[in-house]
Every structure is written in structure tokens, then in C-alpha cells.
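Visitor: Okay, here's the structure, questions in a sec.
Numbering (the numbering used here), first residue to last: 55 to 376.
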């Protein structure tokens, strides 16, 4: 690791994993700069980028940079957590932003709530349209930010909008490397199951960038199917040990995932996948066929309005067009 600026006993460690992020890393680091003070360290955990990421990072003297091959983004985040000297961990992805005032909001929160192990702020996702960044979704309501199974699996997990105490992260075992895209959901489910203490702040503490290569907002890109499979595996892992309340949320999630998998298979005439998704759905819910039928009926008007073309078919035609 290369340390350019020594930080004495940091309170907050910002951890940014990166791989070939030259197109976005500068904006990410610029969002941190105005908020820096002596109680903050910023670790860049790079996976041997060759696109100029490290050269851009070298222009920021506050950074501690480590570049070494890893097993994916969650491995990088775990390694950053292990290296962190701070009492609190903040995971900032290399294509996102830290909104102004975030660190001050967190400092105030852990002074006012000394028993907290997680502090959750608000978050939003933005997508570029006509040269402007427009909100796609946001989570600001206190009830939607609670550390509950329902919010984690049926809402937005928002791992990056949560400041996590390092000893709590370690007690939970960090991120599982079994999941390359959805390990944050698995981690937060473990936190909810063990009743980790969370407090909330009203401030916007994270801004996600929705783009074609995003691994966190995958709708419509090449990672969608893989993310769905990982989510299903996580649901099946947590269902056997879930409390009655958590089990209801996990079953709803299982229904949603298997219905969507069946719809995707139906749209693309993948009959074997349709049978497999149906069997998986019925393995946890005897009334799954009714859920699937309801989704077909709900989707029918849109199908007819598109002239009998499925969403998948339209996406494929757009991909082929110049």
C-alpha cells in the first residue's frame, strides 16, 4: 500500500474498490475532497486496473492506494475493511458520489447514538438523460431505511448509504465471496437476523450512478440474469433459519424472483427454463401458479400495446441497431 498522507487515528475509513474505473473515479474522489478532515482516511483498493485508474488516483494525495488482484468487488471491500484503521467503515463505489454533508451527518449521528452499530442515511440513483442526471429512484422515508428483512429483499438494500462500525462488520464475517453481485443483501440479512443496532439520519448520504456497466443497478444489462440467480440462492439460504416475520418477506421475495424468471423464460421461449422456474416457485409456495398467472394477466396489456412483442425482444432489437 502507498500512503501519501498520514492520518492519525481516523474515525471513519472510506473504502473504494476499483477495477478499470478511469471514466468515473475522478468524480467519485472529487465528491469526497471537500468533506475531508483529520478523522477520515480514504482507501482505494484497486484490482490491477490498466485503463488509467491508478494514474488518476495518483493525483489525490489524501488517498492510500493498494493495487493487487482480487476475487471481485466484495473481496476488495473485505480487504479494505481489514486494512482500515477507522472505527467506522463507509463503502464508496468507484462510479458513485458522496453527497455534500454526508460525513458531518454521520459524525453527528454517532455522537447522538453511541449504541449504534450501523447508521443509515437516504440514497438516490440517478441516470443521465439528455446531458442531465435525473433521479431514477430514491429512499428517504424512515420506514424504508429500517434494517429489516422486508426492506432488504423487497426494497433497496443501500449498503453504501450505511455507515458500519468495523467491529460489527467483523462479527458478521464481512461479505461472503459466494455471491459476486448480491453479497450486500446477504450481509444485511445477517445483520437484521442478529438484531444489529441501527440509527437513521435524514440526510442524503449516497448517490448511485445508473449506467450500462453498473453491477448494482443491473436492470436491462448483461448482469440481470446472474443477479437474479444469486438473489434466489440467498433467499433459499436464509429461509430455513428465518423468524416468522422474516420468513414472510423472504417467501414474497422468492415468489417475485421465480415469477420473473418464469416470465423471462416465457418471453424468450425457453421452455426448459420455464419448467425449472415453475418447479422452484412451487417448492416454497403451493399457490405459485396463481402468482404467475396474475403476472401474465398484468403484463398482457403492455404486450398487446407493443404489437405482440415482448420487452426482451425489443431490447434485443435495440442492441442490434447501430
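Note that CB positions come from ideal geometry on N, CA and C, so glycine has one too.
Everything numeric in this text was worked out from a predicted model, so none of it was measured.
Please check the pair residue 64 and residue 93, which I expect to be a contact at CB under 8 Å, by giving their CB distance rounded to whole angstroms.
Guide: Rounded, the Cβ-Cβ distance is 6 Å, consistent with contact.
Visitor: Could you give the DSSP three-state label for residue 186: helix, strand or coil?
Guide: Note: residue 186 maps to strand in three-state DSSP.
Visitor: Taking the C-alpha atoms as reference points, what is the distance between residue 314 and residue 209?
Guide: The straight-line gap from Cα to Cα measures roughly 16 Å.
Visitor: Buried or exposed: residue 323, going by 16 or more other Cβ atoms within 10 Å of its Cβ?
Guide: So residue 323 ends up on the exposed side.
Visitor: Using a Cβ-Cβ cutoff of less than 7 Å, which residues in the same chain neighbour residue 206 once the five nearest sequence positions on both sides are dropped?
Guide: For residue 206, where only same-chain residues beyond five positions count, the Cβ hits under 7 Å are 239, 242, 243, 246.
Visitor: Write down every uninterrupted run of the beta strand (DSSP E) in the segment 231-270 whose length is 3 residues or greater and which is fully enclosed by it, in chain order.
Guide: You should have 252-264.
Visitor: Roughly how many whole angstroms lie between the Cα atoms of residue 101 and residue 309?
Guide: Cα to Cα, the separation comes out at about 36 Å.
Visitor: Could you check what DSSP says for residue 74 in three-state terms: helix, strand or coil?
Guide: Residue 74: coil per DSSP, three-state reduction.
Visitor: Determine the extent of the alpha helix (DSSP H) in which residue 306 is found, giving its start and end residues.
Guide: Per DSSP, residue 306 belongs to the alpha helix (DSSP H) from 298-321.
Visitor: Compute the Euclidean distance between the alpha carbons of residue 272 and residue 278, then round it to the nearest angstrom.
Guide: Residue placement at residue 272 is flagged as unreliable, the pLDDT there being 46, under the threshold of 50; a coordinate-derived value is accordingly withheld.
Visitor: Can you give, in chain order, each stretch of the alpha helix (DSSP H) that sits fully within the segment 203-230 and has at least 4 residues?
Guide: Runs found: 203-208, 220-225.
Visitor: Take every Cβ of the segment 277-296, pair it with every Cβ of the segment 180-200, and state whether three or more of those distances are shorter than 8 Å.
Guide: Contact between the segment 277-296 and the segment 180-200 is absent, because fewer than three Cβ pairs lie under 8 Å.
Visitor: For chain E, find out if any of its Cβ atoms is closer than 8 Å to the Cβ of residue 169; answer yes or no.
Guide: The question asks about chain E, but that chain is absent: this structure has only one protein chain.
Visitor: For residue 181, which of helix, strand or coil comes out of DSSP?
Guide: Of the three classes helix, strand and coil, the one that applies to residue 181 here is strand, per DSSP.
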